[in-house]
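>
Number of protein chains: 2
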Amino acid sequence: MTERPIVIVSNRGPVSFRWDDQGELVARRGAGGLVSGLGPLVIGTDTTWLAAAMSEADREAASAGVIEAEGFRVQAVSVPAEPYRMAYDVIANSTLWFTYHGMFDRPLRPRFDRRWREAWQAYRDVNQDFADAVADAAPADAVVLVQDLHLALVGPALERRRPDVTAVHFSHTPFPGPDDLSVLPDDVAEELLLGMTGHHACGFHTARWQAAFDASCEAVLGRRGRSFVSALSSDPDDIEAVAASPAAQAARADLDELLGDRAFIARVDRIELSKNLLRGFEAFADLLDHHPRWRGNVVFGAFVYPSREGLPEYLAYRQQVETAAEEINRRWATAEWTPVLLDTSDDFPRSVAALTRYDVLLVNPIRDGLNLVAKEGALVNDRDGVLCLSPEAGAWAELGEASVRVHPYDVAGTADALDGALTMSSDDRRAQAEARRAIVSARSPADWLDEQLAAAR
Amino acid sequence: MTERPIVIVSNRGPVSFRWDDQGELVARRGAGGLVSGLGPLVIGTDTTWLAAAMSEADREAASAGVIEAEGFRVQAVSVPAEPYRMAYDVIANSTLWFTYHGMFDRPLRPRFDRRWREAWQAYRDVNQDFADAVADAAPADAVVLVQDLHLALVGPALERRRPDVTAVHFSHTPFPGPDDLSVLPDDVAEELLLGMTGHHACGFHTARWQAAFDASCEAVLGRRGRSFVSALSSDPDDIEAVAASPAAQAARADLDELLGDRAFIARVDRIELSKNLLRGFEAFADLLDHHPRWRGNVVFGAFVYPSREGLPEYLAYRQQVETAAEEINRRWATAEWTPVLLDTSDDFPRSVAALTRYDVLLVNPIRDGLNLVAKEGALVNDRDGVLCLSPEAGAWAELGEASVRVHPYDVAGTADALDGALTMSSDDRRAQAEARRAIVSARSPADWLDEQLAAAR
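What follows is the structure, encoded as C-alpha cells:
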C-alpha cells in the first residue's frame, strides 16, 4: 500500500443510488470484478472512488459531492446523458472495444463519418468531466488510479489542474499493435496514445498487451510512455465463500443430480463477441459427431449472460447463440440426455457451482484482456477439472503451462482438444489442477492494487 | 537476366486453349498484370511457363507436355477439378487471401472444421501436382519462379525431386505478422511458412510485407528464411500504347464530352472487398454534402469490374456497390449532371482512358499487396491529376511522398482529402505528378524479373 491518499476512477462504481418510498436516496452495492476485488481492500482506507452517475438518483447523489455509502467514500460524476451515451456506446464499446479485440469486419466497418466525430468529441468531454471531478475531489498528493478504456484521456486533463496528484492508467482490455491500432483515424490514434501516456504510467494484464502498447507508441508518437504489467487476480476467500454459500451448494446439488456420472464441460461468459461462444458450440457438436463415445455421456453447460444488448451486433449474437444450442439439442438429445444446458439467467452462485463441478472448462476467446473465469475455476473446482484455454486470453501468460491449448478458430482442433481433456489420466488432471491452483493462489487483488500504487512512484 | 533457363509457375498462365470448329486446339493469349508485364520479356528466351489447366481443352493441351503457343513455351498442369476448386476457392481465395488482407469478421469467421481440413489437403495435393510437373519439365539447373499464394508449398516438394533447380517464391499479396497469421490453425501456419521458406528466397512488393513475413517466421519457426523486396512495376510502353489505341482514344473523347469542364475523380479496381469501394462512395457522398461547391461540378467515375462471384461475399459486395452508386445519384443527380458514373463492364481501354483524364485518382484500399493502378495512372494521366492514396497499399512505399494520404476507414477525412486534392494549386499538382511519373518510370517489369533471378543466386 501507500501513505498517499488513493482515488479510484472508473466508469462503473462500487455503489449506485435509488430513491426509497419516502424519496430518500438509498445506496446499493454494485457487482463486477473490479468492485468485488478492490472493495474489501479500500473500505476503511483513505480511498475515494469516482464513477459515472448512471441514473437520476445517481445524479442527485453527485450533487452532494463526496459521500459515505456502503462503507465506501464515493462520488458520482454527473455527465450529461447524451454525450455520455455517445462516449460509452459509440466510442468505448463500438470503437475502442472492437479495435482492441480485433473484431471489425473491415470491408464494412468501422466507418468514421461526421457523426462519429461528434461522438469522439463527446468522449473527450466526458473524460474532461471526469478529470474536473477528480481535480475537485482528490486530496492533496493523491494517487489517482484511472480504470480502463472509457477514461483514456483523464491523465493530461488532470495534470493541468492538479500537478500534485499522480495518475496511473490501467487497461482491462487487450491493446493492439500499430497494424490494428491504425484502423483508428490518424489524429484519434495519436490523441488516444497522448492521453494514455499523459498518465504517470499505463498498466496492462500481460506483457503481450504492454509490448503492443509500447510498439504503438513508438510507431505513432515516436516515443514510449512508462508502462507496467500487473495481472488482476481473483480473491480466493471471496470466490470460495460464494462456492460455499447455500445458493451455490443448492445449485451444485441440482447439477450433480442432472449430470449423474456424465462428464461435464462448462463455460461461464458474458454473451460477448470476443468470447467465441459460437465456435464453442460447434466444437462440442463436432465432438459428438466425431468422437461418438461421448454421445449420451457428456453435458456442455454454457452459463452465459446477456451483455450490451443496446448494440445490434450483441442482440444478433445472442440469437445465434440460442440457435446453436437448440440445434445441437434437436439433433442429439434423447429421453435421458440433453447435451447442451444453456443458462442465460446471470445467476452468479449457479455459475460458481458450475465452476466447482466441471471436468473441462472451455475458455476459448478470440481475444481477451485477461479472463478471470479461468482463475476462479482454478480456485473452486473440486474434481481436478481440465482447463482448455485459448492463447488469445491474457490469462494464458500465467496459466498456459497448466492448460490444454485450444486455437480459437480451429473448431475441429478444439473438438479434439475437448476429447483429449475428457480422457486425460487422473494423474495428469491432478498435476495440472494443482499447478493452476498454486499459480492463481500466489496472487491476490491486493498485489494488483499494490502494483498500481508502486507504478505511481 | 541470367544464363540459367527460367521456369515460371503460376496459377493463371499466359495462354489458354479452346477447340476450334474442326476440333483442333487453339491457343489464346491471356490477360492480367503478370502476363502483360512478363510476356514481352520472356518470349524468345529460354523460359517455360507452367500454369493450371482451367478447362477441358487446357487439360488436353496439358497431356502434350511443353508446347509452343502464342510465342510462349507453356505447359498446362492438369489438376483434378474438385481438389483444384477446393484449393482455389476455399484455401487460396477464402482463407489465405482473407488472412493476408485482415478481412475476417472474426467473431464469425474463419471456422476451421473437418471439411476445411479436406480443402487444406487438396491445397497440398495441388501444390504437389505443380511441383511434379515442374520437376518433369524444368531444364537442368533452371531457376524456378513460383508466383503467389496459390503455390506456397511448391519449393520443398520440388527440392526433393530436383535439387539442381533453384526455386524462388514471390507473393503478390500483403503478408501478415504473427498476430494476424495466428488466425490459421497452428499446424497450418507452420506448414505454410515451412513451404515458403523451403524456397531459396521469398519476395514481397514492399519492406512492410517482408518484415511481417520475417516476424512470422521468427514467431512460428524460430528462424527466418531468406527474403527480398522487389516491387512490380507497370511497363510504360505497354500502358502508353493502350492509352494511344483507338479504343482508348474514343473512350477518352466520350469522357471529355460527358464531363465538359467538370472535375473528375476516378477509381479503377476489381470489385474486391479489400479495395474499399463502399467507403469510397461514402466519402464522395460526404464531399457533396459538406463541400457544396462541388454539387454539379464533379463526377466520380468508378470503373470497377466483377471478381470472384463464386464466393457469396463478393456477390453481396457487388450489390452493395451498385446500391451505393444509385443512392448518390438518386439524391443528387440533376437534368444536367449525374454525379456517379459506375462502369462494371471490365473494358480495359475505357479504364485506361479514365486514367488519362482524372483530376483525382482514388486508391483507398484497406490493404493491398501493391496496386498497379496507382502506377499506371502516374504514367498516362495528362492533367497532372492528384493521387489520393491509402498507406495500406503496397504502392505507398514508393508513391506516398508524392500523394495525398487517405485513411481507408476515415470517410469524413477522405472527403476532406478529396476536396483538398480538387483544390490543390496547379504548381503543387504538377510537382506531385512529375515526382510520381519519375518514380514509376524508374522501374520496369524487367527490373522485377531481374531481382527475382538475382534472389536465386
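Line by line, the protein sequences are chains D and L. Counting the first sequence from 1 gives a position; my numbering is that position plus 4. Counting the second sequence from 1 gives a position; my numbering is that position plus 4. Where a beta carbon is used, it is the ideal one built from N, C-alpha and C, also for glycine.
Between Val325 of chain D and Leu282 of chain D, is the Cβ-Cβ spacing less than 8 Å?
yes
> Mind checking Trp213 of chain L: buried by the 16 CB within 10 Å criterion, or exposed?
buried
> Which residue's Cα is closest to the Cα of His203 of chain D: D:Phe217, D:His173, D:Pro178 and D:Pro180?
D:His173
> Could you pull out every residue in the same chain whose Cβ sits closer than 7 Å to the Cβ of Gly43 of chain L, ignoring the five residues on either side in sequence?
Pro18
> Any heavy atom of the ligand FMN within a distance shorter than 7 Å of the CB on Asn368 of chain L?
Among the components modelled here there is no ligand, and therefore nothing to report on the ligand FMN.
> Return no unless some Cβ of chain D is closer than 8 Å to the Cβ of Pro111 of chain L.
yes
> Any idea if Gly36 of chain L is buried or exposed, counting beta-carbon neighbours within 10 angstroms, 16 or more meaning buried?
exposed
> Quick check on Met107 of chain D - is its C-beta less than 8 Å from some C-beta in chain L?
yes
> State yes or no: is the C-beta of His105 of chain D within less than 8 Å of the C-beta of Arg371 of chain D?
yes
> Tell me whether Leu162 of chain D sits in a helix, a strand or coil according to DSSP, three-state version.
Leu162 of chain D carries a helical assignment under DSSP once its states are collapsed to helix, strand and coil.
> Quick check on this structure: which residue in D:Pro395, D:Arg230, D:Leu391 and D:Asp414 has the alpha carbon closest to the alpha carbon of Ser407 of chain D?
D:Leu391
> For Val384 of chain L and Ala247 of chain L, which I take to be in contact (beta-carbon distance under 8 Å), what is that distance rounded to the nearest angstrom?
4 Å
> Just confirm the distance between the C-beta atoms of Asn333 of chain L and Thr327 of chain L, as a whole number of angstroms; I'd bet it's less than 8 Å.
Not really, about 11 Å apart at Cβ, beyond 8 Å.
> Nearest to Gln151 of chain L by CA position, among L:Ser175, L:Ala161 and L:Val138, is which residue?
L:Ser175
> Do you know offhand how far Pro395 of chain D's Cα is from Val187 of chain L's?
11 Å
> Please classify Ala119 of chain L: is it buried, with 16 or more other beta-carbons within 10 angstroms of its beta-carbon, or exposed?
The displayed chain sequence assigns Arg, not Ala, to residue 119 of chain L. Per the 10 Å Cβ criterion, exposed.
> For the beta strand (DSSP E) that contains Gln151 of chain L, what are its first and last residues?
Residues Val147 to Gln151.
> In this structure, does DSSP put Ile71 of chain D in helix, strand or coil?
It is a strand residue.
> Can a CB atom of chain L be found closer than 8 Å to the CB of His204 of chain D?
No, because no Cβ of chain L sits closer than 8 Å to the Cβ of His204 of chain D.
> Alpha carbon to alpha carbon, what distance is there between Glu438 of chain D and Thr49 of chain D?
35 Å
> Taking the continuous beta strand (DSSP E) assigned at Tyr362 of chain D, which residues delimit it?
Per DSSP, Tyr362 of chain D is not a residue of any beta strand (DSSP E), being assigned neither H nor E.
> Helix, strand or coil for Thr170 of chain D, going by three-state DSSP, please let me know.
strand
> What does the Cβ neighbour count give for Ala255 of chain D, buried or exposed, with the cut at 16 atoms within 10 Å?
buried
> Going by other Cβ atoms of all chains shown within 10 Å of its Cβ, with 16 needed for buried, is Thr99 of chain D buried or exposed?
Of the other Cβ atoms in all chains shown, 16 or more fall within 10 Å of the Cβ of Thr99 of chain D; this residue is therefore buried.
> Once the 5 residues before and after Glu402 of chain L are set aside, which same chain residues still bring their CB inside 7 Å of it?
Ala235 and Ile443
> For Arg121 of chain L, go through chain D and note every residue whose CB falls closer than 8 Å to its CB, in chain order.
Ala416
> If I measure Cβ to Cβ from Arg354 of chain D and keep anything under 8 Å in the same chain, skipping five residues before and after, which residues do I get?
For Arg354 of chain D, where only same-chain residues beyond five positions count, the Cβ hits under 8 Å are Ala251, Ala252, Ala255, Phe307 and Asp347.
> Is DSSP giving Thr52 of chain D helix, strand or coil here?
strand
> For Gly305 of chain D, which three-state DSSP category applies?
strand
> Assuming Gly404 of chain L contacts Asp239 of chain L (C-beta within less than 8 Å), just tell me the rounded distance between them.
No, Gly404 of chain L and Asp239 of chain L are not in contact; Cβ-Cβ is about 22 Å, not under 8 Å.
> With 9 Å as the C-beta to C-beta threshold (strictly closer), list the residues of the region 321 to 352 of chain D near chain L in chain order.
Tyr321 and Gln324
> Using the three-state DSSP reduction, which class does Val214 of chain L fall into: helix, strand or coil?
Just to set this straight, residue 214 of chain L is Gln in the shown sequence, not Val. If DSSP states are grouped into helix, strand and coil, Gln214 of chain L belongs with the helices.
> Would you mind working out which of D:Pro114, D:Asp241 and D:Ala416 sits nearest Arg4 of chain D, comparing C-alpha positions?
Because residue 4 of chain D is not part of the residues shown, which for chain D are 5 to 461, the question remains open.
> Specify the secondary structure class of Ile269 of chain D as computed by DSSP and reduced to three states.
strand
> Name the chain L residues that come within less than 8 Å of Asp189 of chain D, Cβ to Cβ?
Sequence check: residue 189 of chain D is Pro here, not Asp. Ordered by position in chain L, the residues that pass the 8 Å Cβ test against Pro189 of chain D are His411, Tyr413, Asp414 and Gly417.
> My understanding is that Ser311 of chain D touches Glu286 of chain D, with C-beta atoms under 8 Å, so please give their C-beta distance in whole angstroms.
Contact flag wrong, Cβ pair sits at about 21 Å.
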